[in-house]
Amino acid sequence: MNLADMLSYADIGQLSRIATTYHCDCNGNSKNDLIQSILSTVNRRDVFEAQIGAMKLEDLRFINSLLFDARDAFSLEELVARVQQSKFGVPPAEAEPAANAVPADKPSVKKSTKRNKASKEKPVPESGPRETISRFKQYGWLFNGYSGSNRYLFQVPSDLKERFKATMERRFASQVNYADGEPDAYRDEQLLMGEDVRQLLNYIHHNEIPLTSEGVMYRRSVLQILELFGVKEQLPARGEWRFGYGRRMKEYPNRLSLLYDYCYYNGWIAETSTLLTLTASGKERQALQSPEQSDKLYQFWIRLYRGPIPNIRSIIHWIDKLSRRWVNAEDLMKALVPFIKPYYYDQPETILEQRLLTMMMHLGLLRVGEHAEQRQVIRMTPMGKSIVAGLSIDDDAIILNG
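Take the numbering used here: the last position of the sequence shown gets the number 1577, and nothing is skipped along the way.
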């Protein structure tokens, strides 16, 4: 539903509070007058962008988390959790709300037969998850459901979602620099990962691959597989901190780990007590001798990495939008790093550079180049733009148990 539809279902008390927030000059007794005044104010680009520009980083992270969720309705508990997750580095005592608190609404505009200027009543600054939700209700950015079981669920108006995206895109774009012309050289790995799925299955089919007591391939086998791949990787350093991005992330390089887990998830490979083998379905897949489709690999990657990077879909969206031309990689990272939460010892910069940008390059979504003036630059590939734009992805994260 759009904002106008949601306003029509709102009671006059909530409309008065929204009108107060936007300093609307209207008749507080007339629902129609309140709705028209709110719509005319909110639809002004300068007003909307001023509201976004004045938001705290935590609030921007919160709204960003809602814009790319496949669902269109959220419970109060879910919203509280989203607000808390948006407060990176905030002490628990400041982030935690009262146990059973309910969003408190502002005092409504007093009803009067006279026209009243809503700007006379200014909202009191608030803090805490439930107060943040209440404030977003006063902006007209969150509404309670209007009927039945939906009464206790919250929604963001559909048209405001698109305006939020457009406004945030302009905000991000103002923080980055674009290169003039093509880079001197660039790296493009389109279709290579799909071909390497075939190579991995062929190697397992034609070789006896012993496993350690922990179910891991020996170094010799890993090196032989990497020699067959279109992209060469280094083995992980001993003692390097690696977990959270798949079953074998600790033992295998990032790209190989993803390919291995993909085959495991699809039931094509099996780990016995001593050997790595193909299953019956794995033998059927290997016999096809065809590369794996890039969109399937992308979908698996998003779901696998969604655990440590809950807002991975939104970050990919912004990378896609900001990289339609050759963009300075350092600028892009500075713009997006504040929206990435650390994952144990993985800092936001590492997550963006290694877990997202590098893996997007491996998946064929991004080109990475070197430019004489802008230094390292990146750009979405044609395949990357179509995959990111065309996929509806299950929101459930994939958890692969050992």
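Just so it is clear, CB atoms sit at the ideal spot from N, CA and C, and this is done for glycine as well.
Exercise for the section: Just the C-alpha distance for Y1378 and M1392, rounded to the nearest angstrom, thanks. Expected result: Between the alpha carbons of Y1378 and M1392 lies a gap of roughly 13 angstroms.
Problem - N- and C-terminal bounds of the alpha helix (DSSP H) containing T1533 - result: 1533 to 1537
Problem - Cβ-Cβ separation, I1484 to I1526 (assumed contact under 8 angstroms), whole Å - result: 6 angstroms
Problem - For Q1461, the three-state DSSP class (helix, strand or coil) - result: helix
Problem - Reduced DSSP category for L1518 - H, G, I as helix; E, B as strand; rest coil - result: At residue 1518 the sequence reads Tyr, which differs from the Leu that was named. Correct three-state label for Y1518: strand.
Problem - I1490 versus S1205: straight-line alpha-carbon distance, rounded - result: 42 angstroms
Exercise for the section: Classify T1307 as helix, strand or coil using the three-state DSSP reduction. Expected result: Three-state result, T1307: helix.
Practice task
Report buried or exposed for H1380, applying the criterion of at least 16 other Cβ atoms within 10 angstroms of its Cβ.
Solution key: Counting of Cβ neighbours within 10 angstroms places H1380 among the exposed residues, the total staying below 16.
Problem - Helix, strand or coil at E1545 according to DSSP, with G and I counted as helix - result: strand
Problem - Strand pairing of V1552, partner residues [DSSP] - result: Bridge pairing for V1552: N1503, G1544 [DSSP].
Problem - Start-to-end residues for the beta strand (DSSP E) that takes in D1363 - result: Counting along the chain, D1363 sits inside the beta strand (DSSP E) bounded by residues 1360 to 1363.
Problem - Alpha carbon of L1209 to alpha carbon of H1198, nearest angstrom - result: Using only the alpha carbons, I get a separation of about 11 angstroms.
Practice task
Please report the Cβ distance between P1428 and Q1409, rounded to the nearest whole angstrom; I am assuming they are in contact, meaning their Cβ atoms lie under 8 angstroms.
Solution key: At roughly 6 angstroms, the Cβ-Cβ gap stays under 8 angstroms, so P1428 and Q1409 are in contact.
Exercise for the section: In angstroms with no decimal places, state the Cα-to-Cα distance between F1237 and E1528. Expected result: 23 angstroms
Exercise for the section: At 4 residues or longer, and completely inside the region 1338 to 1393: list those alpha helix (DSSP H) runs for me, N to C. Expected result: Counting only runs of 4 or more, we get 1367 to 1381.
Handout entry: K1286 versus T1195 - alpha carbon distance
Key = Only weak support exists for where K1286 lies, its pLDDT of 39 falling under 50; the value from the coordinates is given anyway. Cα to Cα, the separation comes out at about 13 angstroms.
Practice task
With a threshold of 16 other CB atoms inside 10 Å of the CB of K1312, please say whether the residue is buried or exposed.
Solution key: Answer is buried; the Cβ neighbour count reaches 16.
Practice task
On a CA-only basis, which of L1497, T1452, I1477, R1257 is nearest R1530? Give me that one, please.
Solution key: I1477
Problem - Boundaries (first-last residue) of the beta strand (DSSP E) holding E1446 - result: 1444 to 1446
Practice task
On the DSSP bridge assignment, give the partners of F1318 in chain order.
Solution key: Q1330
Problem - Own chain, CB closer than 8 angstroms to M1534, minus 5 neighbours either side, in chain order - result: N1429, R1430, L1433, W1476, Y1480
Practice task
Starting from the Cα of N1503, find the closest Cα among G1228, P1358, Y1520 and give me that residue.
Solution key: Comparing Cα positions, the closest option is P1358.
Exercise for the section: Please list, in chain order, all residues of the same chain as E1467 whose beta carbon is under 6 angstroms from its beta carbon, the five residues on each side excluded. Expected result: G1369, V1372
Practice task
Compute the Euclidean distance between the alpha carbons of M1181 and Y1353, then round it to the nearest angstrom.
Solution key: 40 angstroms
Practice task
Mind checking who L1450 pairs with in its DSSP beta bridge?
Solution key: For L1450, which the question treats as bridged, DSSP gives the partners P1385.
Handout entry: L1575 beta carbon less than 9 angstroms from that of R1422
Key = yes
Exercise for the section: Please list, in chain order, all residues of the same chain as A1510 whose beta carbon is under 7 angstroms from its beta carbon, the five residues on each side excluded. Expected result: F1347, Q1350, V1351
Problem - Where the alpha helix (DSSP H) containing N1177 begins and where it ends - result: Note, N1177: premise wrong, no alpha helix (DSSP H); not H, not E.
Handout entry: Enclosing alpha helix (DSSP H) for Y1435 [first to last residue]
Key = It spans 1429 to 1440 - the alpha helix (DSSP H) in which Y1435 sits, taken as one unbroken run.
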